[in-house]
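A quick write-up on the structure given underneath.
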Amino acid sequence: MSIFEKIGGEPAVSAAVDLLYKKMLADPLLIPFFDGVAMSDLHRKQAWFLTTLLKGESVGADSYMRMAHRRLVDRKGLSDEHFDAVTVHLEDSLRELDVPESFITEIMSAAAALKDAVLDR
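If you're matching positions, the sequence shown starts at 112 in this note's numbering and goes up one per residue.
The following block contains the structure:
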């Protein structure tokens, strides 16, 4: 059984994405990255990505994340500081949703492994 299934499937992922974006949109450091962004599209893409990651189907995740964030790196200065803030919000969201600690550790490890791709390095 995948982590996706163990944490409650699609409803759990949707709740995590909702809470994550609520936190990111309240963060003055991150809010500039959402100017002019269709949040419903972003929510859908993030839920899809998190689902594939939690199902262990993340082949090609590096190239996808690089492509998806390259413009933010080039035009808005997406940096380590921003990535780290997002990961803090993700971890906090997972804890608030009572995701078991062992799953949080695994999810955060997967997120950390994507840092260089997200920052296009």
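Positions of the beta carbon are idealized from the N, C-alpha and C atoms, including for glycine. All values derive from a computational prediction rather than experimental measurement.
1. Rounded to the nearest angstrom, what separates D231 and I118 at their Cα positions?
2. Which complete beta strand (DSSP E) runs does the stretch 157-193 hold, if anything under 3 residues is left out?
3. With three or more beta-carbon pairs closer than 8 Å as the criterion, would you say the stretch 128-144 touches the stretch 165-176?
4. Taking the alpha-carbon positions, what's the L165 to D203 distance?
5. Applying the criterion that 16 or more other CB atoms from any shown protein chain within 10 Å of the CB defines a buried residue, is A127 buried or exposed?
6. Look at the alpha carbon of K226 and the alpha carbon of V148, and state the distance between them as a whole number of angstroms.
7. Could you pull out every residue in the same chain whose Cβ sits closer than 6 Å to the Cβ of M176, ignoring the five residues on either side in sequence?
8. When you compare only the Cα positions, how much space is there between E207 and H180?
9. Less than 8 Å separating the beta-carbons of H193 and L131?
10. So what does DSSP say about I118, is it helix, strand or coil?
Reading off the structure:
1. 30 Å
2. none
3. no
4. 17 Å
5. buried
6. 22 Å
7. L225, A228 and V229
8. 27 Å
9. no
10. coil
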